[in-house]
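Protein chains in written order, with numbering that gives the first Met the number 0: chain A, 0 to 474; chain B, 0 to 828.
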Amino acid sequence: MNSFVDRVNRRAFLGQSACRLGSLALASLLDPGLLRGGDGGKVQRWNGVINPLHRAPKVKRVIWLYMAGGPSHLETFDYKPMLAKMSGKPMPESITKGQPIAQLQGAKLNCLAPQHDFKKCGKSGQEISSIFPRLAEVADDLAIVRSLHTNAINHDPAHTLMNTGTTISGRPSAGSWVWYGLGSDCENLPGFIVLTSTGASGQQQPIAQRQWHSGFLPGSFQGVHFHSKGDPVLYVKSPDGVSADKQRDIVDASQSLNQLFNERVDDPEIATRISQYEMAFRMQSSVPGLMDLSGETKETLDLYGTKGGDGSFAANCLLARRLAERGVRFIQLYHRDWDHHGGIKNDIQKVAKEVDQAMAALLKDLKRRGLLDSTLVIWGGEFGRTPMAQGNGRDHHIKGFSMWLAGGGIKGGVTYGATDEFGYNAVEKVVHVNDLHATILHLLGIDHERLTFPTQGRNFRLTDVAGKVIEGVLA
Amino acid sequence: MRRKSLVVIVAAILSTARLSAATPKPVNFSREIQPILAAHCYSCHGPDEGKRKAKLRLDQREWAVEKAVKAGDAAHSPLIDRVASSDADERMPPPASKKDRLTPDQIQLLRRWIDEGARYDIHWSYVKPTQPALPPVKNKAWVHNAVDAFVAAEHEANGLAPAPEADRIALVRRLSFDLTGLPPTPKEVDAFVGDKSPDAYEKLVDRLLASTQYGERMAMFWLDAVRYADTAGYHSDNHRDVWLFRDYVIAAFNANKRFDQFTIEQLAGDLLPNPTAEQRIASGYNRLLQTTEEGGAQAKEYTAKYAADRVRNASTVWMASTMGCCECHNHKFDPFTSKDFYSFSAFFADIQEKAVGRQDQTPILFLESAARVKLFDEQLASLRATLNKPSAELDGLQAEWEKKTRAEGSKGLPKPVAAALAVDPAKRSPNQKQALSNHYRGIAPELEAIRKAAADVQRQRDALTKNVPTTLVSTSVSPRVVRILPRGNWLDDSGEVVKPAVPGFLPAMEAQSQRASRLDLAKWIVSTENPLTARVFVNRVWRICFGQGIVKSQDDFGIQGSLPSHPQLLDWLAVEFVDNGWDVKHVVKLLVMSNTYRQSSAASKPMREKDPANVWLARQGRFRLDAEMVRDNALEVSGLLSRKIGGPSVRPYQPAGYWSFLNFPKREWQADQGESLYRRGLYTYWCRTFLHPSLLAFDAPTREECTVERARSSTPLQALVLLNDPIYVEAARVFAERIVKEGGSDPAARLNWAYRRALSRSANPVEVKLLTELYRKHLAAFQTDLASAKKAVAVGQSPLPKDMDVAELAAWTSVARAILNLHESITRN
């Protein structure tokens, strides 16, 4: 039997000689268990190169709430009373000297007090900013990491690092790695789906497609961007005037002719092509079904605060749950509007309001449906913001920022790591982006050092040459 | 079944490496030992000093024999003890390295190698190729040229026989796709099939090599390598004009420009004596990298990024070397050092650019235009001289005018002129005199003809220069200081300052001055002493003709790269290439004239099992067309394709809102009108962060980084593109029109006509039956639902035929869509 699996493996294999072929790839080549045929054998699903898993997985899927622009840790999850005291006064030069800086290059560096109050929330007493009143209700589910740092101080390379583990373009994104490594549990949707929304005010930093690109992995592992306007998936709609039945006829004719041709030339690629057309046709009907929220109760819609169909973050959170239910492996939601160089007090409150209810709803909804235990939910952006004022805003900051994790395998109600008293440098239990990636893979049952792909003379991996699992957030 | 075929794959790999217990040949270090050591040992015992453990390195013999290897005596060699140890604490590689244990076969091979004297060789690709003698073969009749001799020798060594020659239809399709990127027309197919002359095939090859589409086809792979794109890449990803560079590449391949010259012009065209417009455009190669305009970006950081990008690109494009690894540390496998990396980057330190911000475009005046501008300037100078020439006659006329004007009043005159006029002529300052004289000569009726002539010339000059295209070129300025950045950290200024230099283990470079230049580098890259360049290039041409290289890893000829399947053939071709003046068409022709190339691509199951990856070339390759060619094919089959060459990039249909994530400024894609909608795929506007989704779906690279080997995936998104992208629906409809008009009267005749256009062959009866059923079914359906039929044929800008039944056209459009979606339609075999 020849299949997509064969093809991808063969491709992975063709690129190498015996010496380049890692034993991992070889093992997967030889494992007949990889090929679990789909429904009726028509669509053959990719089941991943990590088979069996390196360790018992805690979760099956990831939902990443990606707050693009660089949310301030100082107004969200990292409370700094010292900064309030020092507001308007110069930052100690001992901290800032020789440090990379973005728009504040050459400017006076004065402290800016936290612009919002923090509250102790839940039984755990997690400190969360008052701009997230609904999230506070699920505080005990969150592991807040306050000690992240990254290497890139501008949006574009910082996004690239957050998604691919390096600032150099052309490497696969985390979602592509996971899909490649684990395969998908879904026969009519891609294994890595990206949803996007944009805030009502403030800056809208551009985001490149490379953030969900498959890099040097086969193109089939590219994240698929679901659009909120026009066709949700590009070209998913049949041409005008062509009904679903007619489209089926055309695909059937093409498939039968391919089959006939295959009988003559016996080319495994044809079987693959037939399988991909079948998948495409299924997507043509499954995608509209996915986007149709008429089956959701009013209570659920109210929980998220959306009627759907408006491309809002809330609508996307609801879609994320629906994608999780359907077995999609990696779901990434971008919400753009966190680049608060000025007017941070009001603007961050506005954008927080856009996400607060829906992200809390997503956690609650997943939980009551029994899905939270098998899902890892991540919240965060590409970097944080300076303790120093940029007018009445804050500049980009890479030496310390916050994210949170929730879901299967995560110890809820924990605050992990710390920045210094100004919120400048991560100083306690410091976590790099590579460590975050190692932890994501760990929870999915993958040893991050063993999910590799050989190219350009070495085995590349998501965590580049670093990465340590953040044990302190694990249940 | 599956397990069996995979075991065969593994067996094939092993035989590739000639790893067979029965082989009496001495163990070959490069092919058999080095891969084992590189994969398991070099990361701790290799060239990287920083990571070296136990002061042991195994990549150099003098180190290895000192501690780990007793030459001639495996039994007393610590290396064997350690890799074969049953004690987990003793065994190498250690568990912490997460590297696999050596297999018993590998250990046995190491033993034999040590017993045979532990001979080390220089890695194959670092030794200058020499042209080997052709190997003796039994199957002499099959050998058309040198390529076949080397291939046949391996067939015979591996118990394989060549596939029969492909039929003429397959040959003409294959050649057309490989050499022009387009399918042959039915007429071209008939001409070749009907040509009984003995040199029919060669005539076809020559015709295709001479066609202008050849340059477009070759440009596709080169533009991937040098990462040509219409946008800057980082962050706001704004537009820049570099299409002149694309057109330069097309023209260079069409003119068969020597590859050494092609290389020199790109790396250093601006440094050539009196560079031509073309050479300056070519030097835009150094400017094709991604740049940023992001607010808050630090110049120093991006200068470091650009330097690294250029090293990665040039070393991959010309030398298939992974020098990029050395940005942070010495290479772990190849002999490149971190110092090599930064010294290499210093060659490019003279390039004028903005570290952060919009790059300055340079207007390019081509020779003819430049000559005309010069002529205009001369004319203008001469006319102005005439206007200003001292003349007693004019002075007299001026005096009269002054008198008259003073009497009438100086109203309306420029202030300084009026002021001068008011002064007594004898008391005027020189400036006042000049002001009056200038003014008068600007209005004197006697000079009217000359003034008009000057204005005319000026207008012509403006018109000529206003539409001058611009591009990014290299301009050499005082070079930036380049330091070694410890661990690649751009904030760290503690590293040694380095000058331009090539890696020390490769042949020395001749520099024309104390500080070596890009021109020196370019000449070194294409010097006959460079062991890599020619091999790397012929390997890329080989991939175009066979689907994969003789060295599979197109981007890596280093120790971790794959070994050449036919090392002697690769060397023979490399030397042949250089000896024939770096003649690209000569190499292409050599490959396509070979019987190896002309083989059928059909593979029986036993054949596939014997050589699944087609390493030994006992058949041709069969693979999906590249992204641009998928598009070109549909347009060509339908008759929509524009044959226009070059010019600014074009914008075919693209889904609305696809660019909504671009900002600074926000942009909306406006599809072009008319002919520009139907240009070849390589002219599509190449937006790096949001590449056209139809190209992206078929593995076209974003060209943010160098790509020398595109993936060939098969995905559901590809099916959605071919089924639903309006350009494919429109192509199907226009194809359908022609099927109805030109294909005869009954469905069978029409289907045959359509098949000959789309697939270069006639349809067989089963195919006719199947598609006739589709046609009849849809005809009936559309006849009862004309509204749908009208919509189905209204996709795209091409005008609808007035005299055609809509239901009929819609039904044939369905058939045409089925045909354009066939695997066979997008496959080169």
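By construction, the Cβ of each residue, glycine as well, lies at the ideal position given by its N, Cα and C atoms.
Exposure of B/Ile-442 is indicated by the presence of fewer than 16 other C-beta atoms within 10 angstroms of its C-beta. None of the residues of the stretch 120 to 150 of chain A has a beta carbon lying less than 7 Å from any beta carbon of chain B. B/Asp-166 and B/Lys-789 have their C-alpha atoms some 42 Å from each other. The C-alpha of B/Ala-791 is placed about 11 Å away from the C-alpha of B/Asp-784. Spatial neighbours of B/Val-497 in its own chain (CB-CB distance under 8 Å, excluding positions within 5 residues in sequence) are listed in chain order as Lys-338, Tyr-341, Ser-342, Ala-345, Val-481, Arg-482 and Ile-483. Contact with chain A is absent for B/Gln-212, since none of that chain's Cβ atoms lies less than 8 Å from the residue's Cβ.
Under the DSSP assignment, A/Pro-453 falls in the beta strand (DSSP E) whose first and last residues are 451 to 454. Counting of Cβ neighbours within 10 angstroms places B/Glu-674 among the exposed residues, the total staying below 16. Under the rule that a run must span 3 or more residues, the beta strand (DSSP E) segments found entirely inside the stretch 394 to 465 of chain A read 400 to 406, 413 to 415, 425 to 427, 451 to 454 and 457 to 460. By the CB criterion at 8 Å, A/Gly-97 and A/Phe-382 fall outside the cutoff.
B/Leu-569 places its beta carbon less than 8 Å from that of B/Arg-534.
Within chain A, the residues Gln-203, Gln-204 and Pro-205 have their CB atoms less than 7 Å from the CB of B/Asn-662, given in chain order.
At a cut-off of 8 Å, the C-beta of B/Asn-157 has no neighbouring C-beta in chain A.
Sorting A/Val-48, A/Asn-153, A/Ala-157 and A/Cys-120 by C-alpha distance to the C-alpha of A/Asp-140 places A/Cys-120 at the top. Beta-bridge analysis with DSSP links B/Phe-622 to B/Arg-827.
In this structure, B/Glu-736 places its C-beta atom within 8 Å of the C-beta atom of B/Leu-808.
With a cut-off of 8 Å on Cβ pairs, the stretch 546 to 558 of chain B is not in contact with the stretch 173 to 190 of chain B, counting fewer than three such pairs. The C-beta of B/Val-476 has fewer than 16 other C-beta atoms within 10 Å across all chains shown, which makes the residue exposed. If you look at B/Trp-571, you'll find it isn't in any beta strand (DSSP E); it sits in the alpha helix (DSSP H) that goes 566 to 578. Between the alpha carbons of B/Ala-786 and B/Val-583 lies a distance of about 55 Å. Near chain A, meaning a CB-to-CB distance below 8 Å, no residue of the stretch 254 to 282 of chain B qualifies. With its beta carbon less than 8 Å from one in chain B, A/Asn-153 belongs to the interface. In this model, A/Arg-328 and A/Ser-274 are separated by some 20 Å (Cα to Cα).
Under the three-state reduction of DSSP, B/Ala-602 is assigned to coil, being neither helix nor strand. About 50 Å separates the beta carbon of B/Ser-516 from that of B/Ala-162, a gap too long to meet the 8 Å contact definition. At a cut-off of 8 Å between beta carbons, B/Ala-417 makes no contact with chain A. Nearest CB-CB separation between B/Leu-78 and chain A: not below the 8 Å threshold. For B/Asn-144, the secondary structure class from DSSP, reduced to helix, strand or coil, is coil. For B/Ile-738, the enclosing alpha helix (DSSP H) starts and ends at 725 to 741. Counting every other CB atom within 10 Å of its CB across the protein chains shown gives B/Asn-466 a total below 16, marking it as exposed. Contact annotation: in the stretch 229 to 241 of chain B, residues whose CB is within less than 9 Å of a CB in chain A are Gly-232, Tyr-233, His-234, Ser-235 and Asp-236. A/Gly-466 sits close to A/Asn-433, with the two beta carbons spaced by under 8 Å.
Listed in chain order, the beta strand (DSSP E) runs fully inside the stretch 323 to 369 of chain B amount to none, counting runs of at least 3 residues. Note on B/Arg-383: under 16 other CB atoms within 10 angstroms of its CB, so exposed under the neighbour-count rule. Contact of B/Ser-124 with chain A is not assigned, every C-beta pair being separated by 8 Å or more. In the structure shown, the three-state DSSP call for A/His-115 is coil.
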